[in-house]
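**Student:** Below are the structure tokens for one structure; questions will follow.
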């Protein structure tokens, strides 16, 4: 069995100002707050002597590697991001169509209505109703208009959604 994994498709490089700020805050927290604490704990554990049987040292080093890996990822992602402020005047082409950053009210086949926001892959959170523009649902919604019917292929089967409203700006 080979270890080879085909390269993944690059994620979209768009992000809202709020999403960029959230990533910057996480980067600051990891680099300025958590990393120094873990580094200090690892130093104290190393000073105790035998490192081979020192669990605090071992787990501290692992946590430090996790922090550094996440910091590298965040810096790399933030470096190439395009921040799109959809609330700014003239930021969108057509307010009657779904573009990046839009809040979309949809109704499913069961009559359930909900608001979804099309965002970049680095800020999606289904608990908030955010959908990545790279996800099947996000791709299906992009460039659609009010009253358009969208069919999304999900593992249980296709799901039909009707677009009821489109809103740009703060959460409706």
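Residue numbers (the working numbering): 12 to 183. Note that beta-carbon positions come from the ideal geometry of N, C-alpha and C, so glycine has one too. Model, not experiment: these values are computed from the prediction.
For the putative contact between residue 53 and residue 75, defined by C-beta atoms under 8 Å, what is the C-beta separation to the nearest angstrom?
**Tutor:** 6 Å
**Student:** So the candidates are 77, 23, 24 and 30; which of them puts its Cα closest to the Cα of residue 46?
**Tutor:** Distances from the CA of residue 46 to each of 77, 23, 24 and 30 were compared; the closest alpha carbon is that of 77.
**Student:** Grab me the residues of residue 25's own chain with a C-beta within less than 6 Å of its C-beta, minus the 5 sequence neighbours each way, in chain order.
**Tutor:** 93, 95, 111 and 131
**Student:** Using the three-state DSSP reduction, which class does residue 36 fall into: helix, strand or coil?
**Tutor:** helix
**Student:** Does DSSP put residue 68 in a helix, a strand or coil?
**Tutor:** helix
**Student:** Tell me the DSSP secondary structure of residue 27 in three-state form.
**Tutor:** coil
**Student:** Please report the distance separating the alpha-carbon of residue 41 from that of residue 88.
**Tutor:** 15 Å
**Student:** I'd like the span of the alpha helix (DSSP H) that includes residue 149, first residue to last.
**Tutor:** 147 to 152
**Student:** According to DSSP, is residue 157 helix, strand or coil?
**Tutor:** coil
**Student:** With which residues is residue 168 paired in a DSSP beta bridge?
**Tutor:** 165.
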